[in-house]
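Numbering-wise (my numbering), the sequence shown opens with residue 86 and increments by one. Glycine is no exception: its CB is placed at the ideal position from the N, C-alpha and C atoms. Encoded as structure tokens, the structure appears first; notes follow it.
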Amino acid sequence: MRLQQLEEYGLVERKVIPGKPTHTEYYPTEKGMSVQRILAEIASFSARYEPEIIFVDKKPRNTKKGLFGTQTLSEVYDT
86 MRLQQLEEYG LVERKVIPGK PTHTEYYPTE KGMSVQRILA EIASFSARYE
136 PEIIFVDKKP RNTKKGLFGT QTLSEVYDT
């Protein structure tokens, strides 16, 4: 449902891959990539001030690298 909403907002693009079984892949659009800095700040805030809600070990993360394993979200998207 959330992916469908993100697609409706133009933040992700859906691609159906034919085959057996058929599967679907989602990619961030240019608009979706443009909000990465904002989302990184929100994630960073949550990781620091609400770790018990989002991490199993309930420990805060203070850096993007500690949170995502990388300095930028585009490195997470790019394969």
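Taking C-beta atoms under 8 Å as the contact rule, T109 and K100 qualify, at a distance of about 7 Å. The three-state secondary structure of K116, taken from DSSP, is helix. Per DSSP, the beta-bridge partners of T109 are V101.
DSSP places E92 in the uninterrupted alpha helix (DSSP H) bounded by 87 to 93.
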